[in-house]
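Have a look at the structure below, then the notes.
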Amino acid sequence: MPNFSGNWKIIRSENFEDLLKVLGVNVMLRKIAVAAASKPAVEIKQEGDTFYIKTSTTVRTTEINFKIGEEFEEQTVDGRPCKSLVKWESENKMVCEQRLLKGEGPKTSWTRELTNDGELVLVSCSRLSTSPVPLSGLFWDTPGHWRLKTH
13 MPNFSGNWKI IRSENFEDLL KVLGVNVMLR KIAVAAASKP AVEIKQEGDT
63 FYIKTSTTVR TTEINFKIGE EFEEQTVDGR PCKSLVKWES ENKMVCEQRL
113 LKGEGPKTSW TRELTNDGEL VLVSCSRLST SPVPLSGLFW DTPGHWRLKT
163 H
């Protein structure tokens, strides 16, 4: 079983503003969010299939606690309340599907994967329709990618 535990710092971010745009976040809030998310502090504690993840930026701090295979409440990347369910996709990769608690909007998900070179790759995605055009082999539109290393 992989160990995601550690204090992680970002080494690269891609497409975050595009993701927020697709989610309907206005331009001013997008600029603030992109600036704040450029240097988040991410703390992960893992005990078996139980996780605690704290992400701190200059704008806000989010904390989630979950167990693989059990539904929990959190917020989407743009702050909408949702129910989330995380499953192992492979030995080193977890996938989370999110379902909005209120209203309608793009479906969202995130993945976290440990690479062989010790990076943690976080991908947040939005899906605009139920039958989207594949993007790089994935059925998700507008992925935002972050690469992190422990420090």
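Numbering-wise (this note's numbering), the sequence shown opens with residue 13 and increments by one. Every residue gets a Cβ at the ideal spot worked out from N, C-alpha and C, and that includes glycine. In this text, all values refer to a predicted model and were calculated from it rather than measured experimentally.
Secondary structure at M106: strand, using DSSP grouped into helix, strand and coil. Excluding five sequence positions before and after L112, the CB atoms of its chain that fall closer than 7 Å to its own CB belong to R92 and C94, given in chain order. Burial is judged here by how many other beta carbons sit within 10 angstroms of a residue's own beta carbon; M106 has at least 16 and is buried.
D90 counts as buried, since at least 16 other C-beta atoms from the protein chains shown sit within 10 angstroms of its C-beta. Counting along the chain, I56 sits inside the beta strand (DSSP E) bounded by residues A53 to E59.
Note that the segment 37 to 48 does not touch the segment 122 to 139; fewer than 3 beta-carbon pairs, one per stretch, sit closer than 8 Å.
Taking 8 Å as the upper bound for CB-CB distance, S96 and E86 are in contact here, some 5 Å apart. Secondary structure at E125: strand, using DSSP grouped into helix, strand and coil. Between G115 and E55, the gap from beta carbon to beta carbon reaches 9 Å or more.
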